[in-house]
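When the letters of the first sequence are read in order and numbered with this note's numbering, they come out as residues 2 to 230. Heads up, the beta-carbon is just placed ideally off N, CA and C, and yes, glycines get one too. Remarks on the structure that follows.
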Amino acid sequence: MGKGSIRDKISGEELLRLLRDNLRVDWREYVALVAYETDGNPFAVLAAVVLSQNTNDKNSIRAYLKLRQTIGVTPEAILEASYDDLVEAIREAGLPRQKASALKALAEAVVRWGGENYLLKAPPEELREKLMSIRGIGPKTADVFLSLVRKAPGVFAVDTHAARVARRWGLVGEKAGYDEISKALYNYFGPGNSEEAHRLIIALGRTYCKARRPRCRECPLRSVCPSAQ
DNA sequence: TTCCGGGTCC
DNA sequence: GGACCCGGAA
2 MGKGSIRDKI
12 SGEELLRLLR
22 DNLRVDWREY
32 VALVAYETDG
42 NPFAVLAAVV
52 LSQNTNDKNS
62 IRAYLKLRQT
72 IGVTPEAILE
82 ASYDDLVEAI
92 REAGLPRQKA
102 SALKALAEAV
112 VRWGGENYLL
122 KAPPEELREK
132 LMSIRGIGPK
142 TADVFLSLVR
152 KAPGVFAVDT
162 HAARVARRWG
172 LVGEKAGYDE
182 ISKALYNYFG
192 PGNSEEAHRL
202 IIALGRTYCK
212 ARRPRCRECP
222 LRSVCPSAQ
């Protein structure tokens, strides 16, 4: 099965260019960016990323907008709302009880940390650790925030697309865990490229490198990908 | 009616 | 490896 790595065919920089030239990223489709652009406050972005967990963007954007309209997306508003109202507001995102609890815990933590300013000022590594200590926030959610809002160096958020694509590119083995995949992608694309590369990989994963029945024959990377058929 | 997409915790 | 969940497509 040793299929080799895409690294042997093309540099990360060249691959980035190839992706950029062949895929269109619709930024409005990403709930984190919707939150970033419409509200801009760091808590709202984090809340939006929580809503997007295990949920397609259509559902998470709808849930975000409803939350925004019925309760509000600030730590104070989330803490003030009843659990049941919160669940109702975010229902369309799926896993609403789990996410309502996560939002409550996040709001509580942000208040304990002295407010949203901490999210903007804390050293990224310390913040990552603290975010991940909140039940309902894992590495992906923390890393999306750190790279999108904090532009933290050394971060590459790994969602289901990034993990699958990294495996198919031969950058990591089949059993690689989150941190290993994240490091491999970061090192390959290089500093400063995580955000763009991540968006493009998501677009690639949706359009060509799909979980089932990948469309290798039409894929713009077919000549360099070790998994192309 | 079943299937799909999509992270975190246990 | 199972539990948690929805809307929409097949």
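1) Hey, how far is the Cα of Gln54 from the Cα of Ile11?
2) What residue range is occupied by the uninterrupted alpha helix (DSSP H) comprising Lys59?
3) Return the first residue and the last residue of the alpha helix (DSSP H) that Thr161 is part of.
4) Under the three-state reduction of DSSP, which class applies to Ala212: helix, strand or coil?
5) Would you mind working out which of Cys210, Ala212, Tyr209, Val74 sits nearest Thr39, comparing C-alpha positions?
6) On the CB-based measure, 16 or more other CB atoms within 10 Å of its CB, does Trp1 come out buried or exposed?
7) Whole angstroms are fine: how far does the CA of Pro227 sit from the CA of Met2?
8) Report, in whole angstroms, the separation of the C-beta atoms of Ile72 and Asp85, which I expect to be a contact under 8 Å.
9) Which runs of the alpha helix (DSSP H) spanning at least 4 residues fall entirely within the segment 169-199, listed in chain order?
10) On the three-state DSSP scale, how would you describe Thr75?
11) For Leu172, count neighbouring C-beta atoms within 10 Å of its own C-beta (all shown protein chains included) and say buried if the count is 16 or more, exposed if not.
12) Using DSSP with H/G/I as helix, E/B as strand and the rest coil, what is Gly51?
13) Relative to the alpha-carbon of Asp22, which residue among Gly41, Arg216, Leu205 has its alpha-carbon at the smallest distance?
14) Compute the distance between the beta-carbons of Cys210 and Gln230, then report whether it is under 7 Å.
15) Alpha carbon to alpha carbon, what distance is there between Ala90 and Arg213?
16) Assuming Ala198 and Phe190 are in contact, meaning their beta carbons sit under 8 Å apart, how far apart are those beta carbons, in whole angstroms?
17) Quick test of your reading: Pro125 and Arg151, contact by CB under 8 Å. State the CB separation rounded to the nearest angstrom.
18) In chain order, what residues of the same chain lie with their CB nearer than 7 Å to the CB of Pro215, ignoring the 5 residues before and after it?
19) Taking all protein chains shown into account, do 16 or more other C-beta atoms lie within 10 angstroms of the C-beta of Leu121, making it buried, or fewer, making it exposed?
20) Counting only the same chain and skipping the five closest in sequence on each side, list residues whose C-beta sits under 7 Å from that of Ala94.
21) Tell me the DSSP secondary structure of Ile202 in three-state form.
22) Restricting to Cα atoms, I'd like to know which of Ile203, Tyr119, Val50 is closest to Gly137.
With the structure as the only source:
1) In the first sequence, counting from the first residue as 1, residue 54 sits at position 53. In the first sequence, counting from the first residue as 1, residue 11 sits at position 10. Rounded to the nearest angstrom, the two C-alpha atoms are 32 Å apart.
2) Within the first sequence, residue 59 is the residue found at index 58, counting from 1. From DSSP, the alpha helix (DSSP H) with Lys59 extends over 58-71.
3) Taking the first residue of the first sequence as 1, we reach residue 161 at position 160. Here the alpha helix (DSSP H) through Thr161 covers 161-169.
4) Position 211 of the first sequence holds residue 212. Residue state, collapsed to three classes: coil.
5) Counting from 1 along the first sequence, the entry for residue 39 is found at position 38. Measuring from the Cα of Thr39, the nearest candidate turns out to be Val74.
6) Nothing about residue 1 can be read from this structure; the chain reaches only from 2 to 230.
7) Counting from one through the first sequence, the residue named residue 2 turns up at place 1. Counting from one through the first sequence, the residue named residue 227 turns up at place 226. Per-residue confidence for Met2 stands at a pLDDT of 49, beneath the threshold of 50, marking its modelled position as unreliable; the derived number appears in the next sentence. Met2 and Pro227: Cα-Cα distance of roughly 11 Å.
8) For the purposes of this step, residue 72 is identified with residue 71 of the first sequence, where counting begins at 1. For the purposes of this step, residue 85 is identified with residue 84 of the first sequence, where counting begins at 1. With a Cβ gap of about 12 Å, Ile72 and Asp85 do not count as contacting.
9) 179-190
10) Within the first sequence, residue 75 is the residue found at index 74, counting from 1. Three-state result, Thr75: coil.
11) Sequence index remark: in the first sequence, residue 172 carries index 171 (1-based). Looking at its Cβ environment, which holds 16 or more other Cβ atoms inside 10 Å, Leu172 is buried.
12) Mapped onto the first sequence, residue 51 falls at position 50. At residue 51 the sequence reads Val, which differs from the Gly that was named. Helix.
13) Here residue 22 refers to the residue found at position 21 of the first sequence. Checked all of Gly41, Arg216, Leu205; the closest Cα to Asp22 is Leu205.
14) The count along the first sequence starts at 1 and reaches residue 210 at position 209. The count along the first sequence starts at 1 and reaches residue 230 at position 229. No, the pair does not count as a contact, with Cβ atoms beyond the cut-off.
15) Reading the first sequence from its first residue, position 212 is the one you call residue 213. Reading the first sequence from its first residue, position 89 is the one you call residue 90. If you take the alpha carbons of Arg213 and Ala90, they lie about 32 Å apart.
16) Numbered from 1 along the first sequence, position 197 holds the residue referred to as residue 198. Numbered from 1 along the first sequence, position 189 holds the residue referred to as residue 190. About 4 Å; that satisfies the 8 Å criterion.
17) Your numbering for residue 125 matches position 124 in the first sequence. Your numbering for residue 151 matches position 150 in the first sequence. That pair is a contact at about 6 Å.
18) Within the first sequence, residue 215 is the residue found at index 214, counting from 1. Taken in chain order, the residues that qualify are Tyr209.
19) For the purposes of this step, residue 121 is taken as residue 120 along the first sequence, with counting starting at 1. Exposed: under 16 other Cβ atoms inside 10 Å.
20) Your numbering for residue 94 matches position 93 in the first sequence. Contacts found: Leu52, Thr56, Asn60, Ser61, Ala64, Lys100.
21) As a first step, residue 202 is located in the first sequence; it is residue number 201 there, counting from the start. Reduced to three states, the DSSP call for Ile202 is helix.
22) Here residue 137 is taken as the residue at index 136 of the first sequence, counted from 1. Here the closest residue by C-alpha is Val50.
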